[in-house]
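This report refers to the structure that appears directly beneath it.
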Amino acid sequence: MNRTLKSTILILFVIIFLPTIIFSIYEIGSLRSNEKVIENIYNNQLDAILYSVNQYSEDVISSWANRLELILSSKKNNKTEALLDFIHTTSSVSKVMQFNSDNQIVLSVPPILSSSSFGKSMQALLIKNDSVLKNLNTYLQGGYRKLETFTLNDTTDQLVVFAFQQDNDFLYNAIVFNPVRFINEVLDPKIQEIAQNEFAISAFFEESDSIIYSSDKQFQMTEVSQKKRFWLMPHYSLGIELKNVTINDLVKSRSKKDLILIGIVDFGLILGLWLIFRNVKKHLELSQLKSDFVSNVSHEIRTPLALISMYIETLELGRIESKEKVKEYYTIIFQETQRLSGIVNKILNFSQIESGKKVYKFSSVNINDIVLDVVKTFNYNLEVQGFKYKTHCSAKLPEIQVDADAVTDVLINIIDNAMKYSMDEKYIEITTTFDKSWAYINISDKGIGISEKELKHIFDKFYRVTEKNLALKAKGSGLGLTIVKHIMDSHGGKIEVKSKKGEGTVFKLLFPIQ
Ligand code: ADP
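What follows is the structure, given as structure tokens:
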């Protein structure tokens, strides 16, 4: 491999391939920790939702306490009636009570007998939590009305107690409510509003882990992502789950997207790498072909020049007396100058084609005439080199629009090649035919042939077959067939090649009949 190509590969590897691979490995490696971060974010979001429901519950109960405070501190006498109205209009609330600092019931709506089982259990609860209740007074003195929550024995009744100051006396107000009804009736609209179609929110009775409320009756909640106890109903908890997809699914789908993205980026970079590599390789090959071309052409020019100067020197010395020999030397000089002008013409033709300055002059021509003319110019060489050749010209070939000089160049290039690349069997056959749409010129030889692999490239500029050095033994520039192809294209024609290694080659030229 060429040194420039090797260093290009090394540079591409170091500046593109290596960083891409390191980046990809790092990204894939950090996907796991990203998954954890994303999972935490989702969980925090769910946590915040549960927090807001809890906050709402506290706000509702706080508003009950406000109403109760208003009623109890009013100077009106019909407090019982107002309290009854409060109970009737407040869903889930069953009783309102007031007791003094000695834990004696001062007021109860509806009335409760201290001797009743509820009365007794209430009394026991208050005595047991005496210090907690005293703390409520301290909070109140500090300007903060704290709500304390207690659960009565059977957990179906929840007690919210807060301190209340009346004429320098500290009393305790208590609201008894049913937590299951509270969640199902009071919290339900708020939960529905939060849950919408995205989440399923359920409430659980912690002791038995049974569901006592669900925002979506249809959704079977098997496992919850987040669960939190109600602040004011500690025996109950609130659970939340994404409805249509689990957090795990969400995280996995994000990871999958990230992986696909990394894959696309890698693919794009590697594709770019490959394109750069291919381009550089192509340029290097072309520059190699160009440098081969320069050395080939110099060689092709130097040989006839050396022959011409050698024969002229010999003639100048005047030592050749035989007239035949002198004539032969002049013929060689003439042929070598012809060869030189042929090479120069080829290079000029090619440079005109490359710069887009080549102009064709079309006229009505019978291509048989061109074929016969070219064969005539080759006659001498063919015979000298021991070629057998045949020409079959179709008699009824119609005249077609071509640039006669350009078609002559085409034929010269192809016949010249047929001669150059024939070794043991020296045979060339030229045929002209036609059909409705095309006029054909076939030139076949029995030379060294071209392999299928090389056949694709023979029309490329500067291209010469290097396989086994067979073709290289013959001199050439790698421009002949490039010029031929350009001329055929400019005539709206086609060129087809059939060849078999060691057996020969057939070039088929197709000219459109307008
Ligand atoms: P060159 O100046 O090398 O002949 P061309 O463009 O005319 O350049 O041809 C390109 C290559 O195609 C040649 O180098 C040769 O290898 C191959 N080639 C062309 N014609 C023939 C043929 N008749 N038989 C075998 N090989 C051929």
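Numbering (the numbering used here), first residue to last: 812 to 1325. Glycine is no exception: its CB is placed at the ideal position from the N, C-alpha and C atoms. Computed from a prediction, not measured in an experiment: that's the story for all the values here.
- Secondary structure note for Glu880: its alpha helix (DSSP H) is the uninterrupted segment Leu829 to Ser884.
- Proximity annotation: the ligand ADP has residues Asn1228, Ala1229, Tyr1232, Gly1258, Ile1261, Ile1269, Arg1275, Val1276, Ala1282, Gly1287, Ser1288, Gly1289, Gly1291, Leu1292 and Thr1316 in chain order, each selected because its CB is closer than 5 Å to a heavy atom of the ligand.
- Annotated as proximal: Ile1005 and Ile860, with beta-carbon spacing under 8 Å.
- Each of Lys1312, Glu1314, Gly1315 and Lys1267 was checked against the Cα of Leu1292, and the nearest Cα belongs to Lys1267.
- At the C-beta level, Gly1197 and Gly1260 stay beyond 8 Å of one another.
- Remark: C-beta atoms of Phe1318 and Ile1211 do not approach each other more closely than 8 Å.
- In the DSSP assignment, the residues bridged to Asp980 are Gln977.
- Here Pro830 is exposed: its Cβ has fewer than 16 other Cβ atoms, across all protein chains shown, within 10 Å.
- Residue range Phe1010 to Phe1016 is occupied by the beta strand (DSSP E) that includes Phe1016.
- Counting the other Cβ atoms within 10 Å of the Cβ of Thr1142 gives fewer than 16, which makes it exposed.
- Uninterrupted beta strand (DSSP E) stretches at least 3 residues long and entirely within the stretch 1183 to 1245 occur at 1199 to 1204, 1211 to 1213 and 1238 to 1245, given in chain order.
- In this structure Arg1113 is exposed. Its beta-carbon is surrounded by fewer than 16 other beta-carbon atoms within 10 angstroms.
- C-alpha of Tyr1140 to C-alpha of Leu1151: approximately 16 Å in a straight line.
- One thing to note: Leu1100 has its Cβ within 8 Å of the Cβ of Gly1289.
- The three-state reading of DSSP puts Met1121 in helix, counting H, G and I together.
- In the three-state reduction of the DSSP assignment, Asn1179 falls in the helix class.
- With distances taken between CA atoms, Ile820 lies nearest to Phe1088 out of Arg1040, Phe1088 and Phe973.
- Per DSSP, Lys1001 is one residue of the alpha helix (DSSP H) stretching across Asp999 to Ala1006.
- About 6 Å separates the CB atoms of Ser1036 and Leu857; that is less than 8 Å, so the two are in contact.
- Between the alpha carbons of Lys1187 and Glu1165 lies a distance of about 31 Å.
- Within the stretch 1035 to 1106, the runs of beta strand (DSSP E) that reach at least 3 residues and sit entirely inside it are, in chain order, 1037 to 1040 and 1047 to 1053.
- Under the three-state reduction of DSSP, Asp1256 is assigned to strand.
- Excluding its 5 nearest sequence neighbours in each direction, Lys1257 has C-beta neighbours in its own chain below 6 Å: Glu1236, Tyr1238 and Gly1315, listed in chain order.
- DSSP places Thr1316 in the uninterrupted beta strand (DSSP E) bounded by Gly1315 to Pro1323.
- Its chain contains Tyr1140, Ile1143 and Ile1144 as the residues whose beta carbon lies nearer than 7 Å to that of Tyr1122, once the 5 sequence neighbours on both sides are disregarded; these appear in chain order.
- Pairwise C-beta distances place the stretch 969 to 989 in contact with the stretch 876 to 888, as three or more of them are shorter than 8 Å.
- Rounded to the nearest angstrom, the Cβ distance from Lys957 to Phe975 is 12 Å, too far for a contact under 8 Å.
- Each residue's CA atom was taken as its position, placing Ile923 and Phe1010 some 43 Å apart.
- Per DSSP, the beta-bridge partners of Gln969 are Thr962 and Phe988.
- If you draw a 10 Å sphere on the C-beta of Phe1173, you find fewer than 16 other C-beta atoms in it, and that means exposed.
- Leu998 sits away from Ser863, with the two beta carbons spaced by 8 Å or more.
- In the three-state DSSP reduction, Tyr1024 falls in the strand class (E or B).
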